[in-house]
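Protein chains: 2
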Amino acid sequence: MYFTFIKTFALEEIIIIKIGGNIIDDEQALSKFLHDFSAINKQKILIHGGGKSATDLSKQLNIETKQIDGRRITDEKTLDVVTMVYAGLVNKKIIAKLQAHHCNALGLTGADANFIEAHKRNHATIDFGFVGDIDKVNPEIIFDLLHKNITPVIAPLTHNKHGNLLNTNADTIASSVAVELSKTKKVTFFYCFEKNGLLNNLHDDYSIIEHVNTTEIEQLKEKQIITNGMIPKIDNIANALNNGVEKVILCNAHNVLSIVNENAKFGTTFTLK
Amino acid sequence: MYFTFIKTFALEEIIIIKIGGNIIDDEQALSKFLHDFSAINKQKILIHGGGKSATDLSKQLNIETKQIDGRRITDEKTLDVVTMVYAGLVNKKIIAKLQAHHCNALGLTGADANFIEAHKRNHATIDFGFVGDIDKVNPEIIFDLLHKNITPVIAPLTHNKHGNLLNTNADTIASSVAVELSKTKKVTFFYCFEKNGLLNNLHDDYSIIEHVNTTEIEQLKEKQIITNGMIPKIDNIANALNNGVEKVILCNAHNVLSIVNENAKFGTTFTLK
Numbered sequence: 001m002y003f004t005f006i007k008t009f010a011l012e013e014i015i016i017i018k019i020g021g022n023i024i025d026d027e028q029a030l031s032k033f034l035h036d037f038s039a040i041n042k043q044k045i046l047i048h049g050g051g052k053s054a055t056d057l058s059k060q061l062n063i064e065t066k067q068i069d070g071r072r073i074t075d076e077k078t079l080d081v082v083t084m085v086y087a088g089l090v091n092k093k094i095i096a097k098l099q100a101h102h103c104n105a106l107g108l109t110g111a112d113a114n115f116i117e118a119h120k121r122n123h124a125t126i127d128f129g130f131v132g133d134i135d136k137v138n139p140e141i142i143f144d145l146l147h148k149n150i151t152p153v154i155a156p157l158t159h160n161k162h163g164n165l166l167n168t169n170a171d172t173i174a175s176s177v178a179v180e181l182s183k184t185k186k187v188t189f190f191y192c193f194e195k196n197g198l199l200n201n202l203h204d205d206y207s208i209i210e211h212v213n214t215t216e217i218e219q220l221k222e223k224q225i226i227t228n229g230m231i232p233k234i235d236n237i238a239n240a241l242n243n244g245v246e247k248v249i250l251c252n253a254h255n256v257l258s259i260v261n262e263n264a265k266f267g268t269t270f271t272l273k
Numbered sequence: 274m275y276f277t278f279i280k281t282f283a284l285e286e287i288i289i290i291k292i293g294g295n296i297i298d299d300e301q302a303l304s305k306f307l308h309d310f311s312a313i314n315k316q317k318i319l320i321h322g323g324g325k326s327a328t329d330l331s332k333q334l335n336i337e338t339k340q341i342d343g344r345r346i347t348d349e350k351t352l353d354v355v356t357m358v359y360a361g362l363v364n365k366k367i368i369a370k371l372q373a374h375h376c377n378a379l380g381l382t383g384a385d386a387n388f389i390e391a392h393k394r395n396h397a398t399i400d401f402g403f404v405g406d407i408d409k410v411n412p413e414i415i416f417d418l419l420h421k422n423i424t425p426v427i428a429p430l431t432h433n434k435h436g437n438l439l440n441t442n443a444d445t446i447a448s449s450v451a452v453e454l455s456k457t458k459k460v461t462f463f464y465c466f467e468k469n470g471l472l473n474n475l476h477d478d479y480s481i482i483e484h485v486n487t488t489e490i491e492q493l494k495e496k497q498i499i500t501n502g503m504i505p506k507i508d509n510i511a512n513a514l515n516n517g518v519e520k521v522i523l524c525n526a527h528n529v530l531s532i533v534n535e536n537a538k539f540g541t542t543f544t545l546k
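Protein chains in written order, with the numbering used here: chain Y, 1 to 273; chain D, 274 to 546.
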């Protein structure tokens with residue numbers, strides 16, 4: 001009876017991990033991370049960004065890369081580039097490497113199995129092109145795959161149900177997927193980046209703030225501890241917590257395995273107030 | 274009782290369709306084909322080649338394209354190109370378009386869910402690079418997806434289980450998948466190309482040979498009715514029939530829908546002797 005409870009509980013937990021350019025663009029770091037990821041002894045989902053390969057390929061093809069507020073302006077040619085890089089090169093290399101570690105992975109975009117529906121961004125003054133804002137995450141495919149011990153690996157593209165792929169920020173996808181899955185599962189969302197956590201002092205890698213709740217976020221913004229590029233990340237984290245995700249851990253990708261499997265204390269844990 | 278039988282029978286049949294460059298490279302033809310494909314009222318799988326986009330992208334990136342006997346020599350840079358084009362651009366555009374037609378499609382390479390295991394080609398004199406010869410098709414993912422009314426769309430890449438993707442001929446993948454699925458299902462394999470079928474006279478598009486059995490293939494080769502580029506295609510067809518596939522139909526992609534849904538007679542039907 002006791003063991004049954006433990007087992008059921010374990011099955012109900014899902015680990016969602018978002019990795020970004022600092023891992024994807026560094027072959028050795030990616031290799032180490034994928035080794036670790038495969039060893040995570042819980043149901044898990046990986047969401048990856050694109051890294052700098054899309055910018056590199058655009059450059060090689062003489063396609064100008066335009067960004068406004070950190071969002072890539074996606075004309076038709078740029079959409080082709082990000083589709084090739086995110087869904088092709090990055091996603092499939094990750095899949096092949098995970099298979100080598102006996103992690104039975106399968107790559108998805110938001111178009112596959114109608115996983116993530118989105119619409120082209122409406123903006124009063126800026127035409128973002130083929131950039132998608134999420135309308136709906138349909139989680140059935142994720143549950144079906146996890147049930148068969150298949151690990152979903154998600155590339156940052158969605159679709160509009162009218163035949164167009166759309167370029168969607170990987171952080172936003174990760175947060176939206178975490179929220180949707182948290183409706184029926186216990187979700188722990190690992191938000192990996194280049195630092196060891198939220199730092200009290202940007203120049204001291206060990207000044208990690210161990211725990212932050214959502215009411216403290218505004219104070220940390222006022223104190224300039226959360227600034228610049230961190231703001232959208234933290235807003236995504238707050239959004240996830242305000243919408244059902246139990247715990248978000250902001251940490252370095254190389255600490256994820258020991259946090260999950262050994263309950264080690266690394267990174268910054270975010271919870272609701 | 275009668276209706277139950279019909280229904281069970283229908284569920285057991287799988288339609289496998291291979292399309293090539295003549296459809297993939299022609300936006301209008303592809304659009305019409307995907308509309309038709311979505312309307313096929315049976316369980317179905319699509320396998321696509323790469324078309325000329327990989328060659329075009331290689332050219333833009335100043336990567337030399339080498340082919341021997343119609344097989345692309347795949348060095349590391351070329352592997353990246355075909356991964357981007359086949360698994361990214363071509364596959365995901367097809368998925369998004371099928372979703373617009375309410376066909377719930379999902380893209381796969383041979384690495385996803387360990388669908389197709391392969392090894393790097395061993396050849397006495399030629400180094401083909403990252404070209405894969407198939408060892409094993411693991412059909413579970415296909416059955417799982419079809420069972421959930423999800424339509425698999427397969428890009429021509431496999432993997433070696435040691436972390437490498439491999440470039441594998443789409444015709445060979447189609448034939449190997451058809452053979453594997455035919456072990457437990459009734460498989461009809463549509464091999465689509467630019468002609469209306471096997472022609473008695475290459476200069477007369479209507480001189481279609483309606484039916485060919487495997488014993489007649491050698492005679493047709495001797496008579497020079499099967500020549501040049503047709504030989505590997507027909508060998509793939511013979512291989513499928515000799516290994517359990519009930520019927521292969523060689524036809525133009527725009528006739529597939531009426532052949533399947535209306536039992537129309539188009540193309541050349543190949544069966545065992």
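Note that the Cβ used here is the ideal one computed from N, Cα and C, for glycine as well.
- Put simply, the backbone Cα of I134/Y is about 10 Å away from that of G110/Y.
- The beta-bridge partner set that DSSP reports for C251/Y consists of C192/Y.
- Within the segment 362–389 of chain D, contact with chain Y at the beta-carbon level (separation under 8 Å) is assigned to L362, N364, K365, K366, I368, A369, K370, Q372, A373, N377, A378, L379, G380, L381, T382, A384, D385, A386, N387.
- Taking the Cα of F190/Y as reference, the smallest distance to any Cα among L250/Y, K120/Y, C103/Y is reached at L250/Y.
- When the alpha-carbon of G293/D is set against those of G405/D, P429/D, A369/D, the nearest one is in P429/D.
- Along the segment 168–233 of chain Y, the beta strand (DSSP E) occurs as fully enclosed runs of 3 or more residues at 186–193, 211–213, listed in sequence order.
- Neighbourhood of Q60/Y in chain D, by CB distance below 7 Å: L334, in chain order.
- Per DSSP, the continuous alpha helix (DSSP H) segment holding L330/D begins and ends at 326–333.
- The beta-carbon of T74/Y is placed no less than 8 Å from the nearest beta-carbon of chain D.
- Rounded to whole angstroms, the separation of the alpha carbons of T398/D and H375/D is 48 Å.
- Contiguous alpha helix (DSSP H) elements confined to the segment 107–168 of chain Y occur at 140–147, taking only those with 4 or more residues.
- Closer than 8 Å to the CB of D204/Y there is not a single CB belonging to chain D.
- A Cβ-Cβ contact shorter than 8 Å links F306/D with H527/D.
- Judged by DSSP secondary structure, H48/Y falls within the beta strand (DSSP E) whose first and last residues are 43–48.
- For V452/D, the nearest beta carbon of chain Y is not closer than 8 Å to its own beta carbon.
- For D144/Y, there are no CB contacts under 7 Å within the same chain when 5 residues up- and downstream are skipped.
- Counting along the chain, K291/D sits inside the beta strand (DSSP E) bounded by residues 286–292.
- Under the Cβ criterion of 8 Å, K459/D is not counted among the residues facing chain Y.
- Boundaries of the alpha helix (DSSP H) around T78/Y: 76–82.
- Contact between the segment 222–233 of chain Y and the segment 256–272 of chain Y is absent, with fewer than three C-beta pairs closer than 8 Å.
- Closer than 8 Å to the CB of V533/D there is not a single CB belonging to chain Y.
- Annotated three-state conformation of A264/Y is coil, per DSSP.
- Ranked by Cα distance from K52/Y, the options T74/Y, I23/Y, I68/Y, I40/Y are led by I23/Y.
- A Cβ of chain D is located within less than 8 Å of the beta carbon of G163/Y.
- F37/Y is bridged by DSSP to nothing; it lacks a bridge partner.
- Remark: C-beta atoms of I490/D and A511/D approach each other more closely than 8 Å.
- The CB of H159/Y comes closer than 7 Å to the CB of A369, Q372 in chain D, given here in chain order.
- In this structure, T424/D lies away from A391/D, with their beta-carbon atoms at least 8 Å apart.
- When Cβ-Cβ separations below 8 Å define contact, V358/D makes contact with chain Y.
- In this structure the segment 354–371 of chain D touches the segment 68–85 of chain Y; the number of beta carbon pairs closer than 8 Å is three or more.
- Taking a beta-carbon distance threshold of 8 Å, I423/D counts as an interface residue toward chain Y.
- Taking a C-beta distance under 8 Å as the contact criterion, K44/Y and I68/Y do not qualify as a contact pair.
- Looking from the CA of G322/D, the closest CA among I446/D, V404/D, G502/D belongs to I446/D.
- Counting along the chain, I367/D sits inside the alpha helix (DSSP H) bounded by residues 364–373.
- For I341/D, the enclosing beta strand (DSSP E) has its first and last residue at 339–341.
- Taking the CA atoms as reference points, N437/D sits about 21 Å from D444/D.
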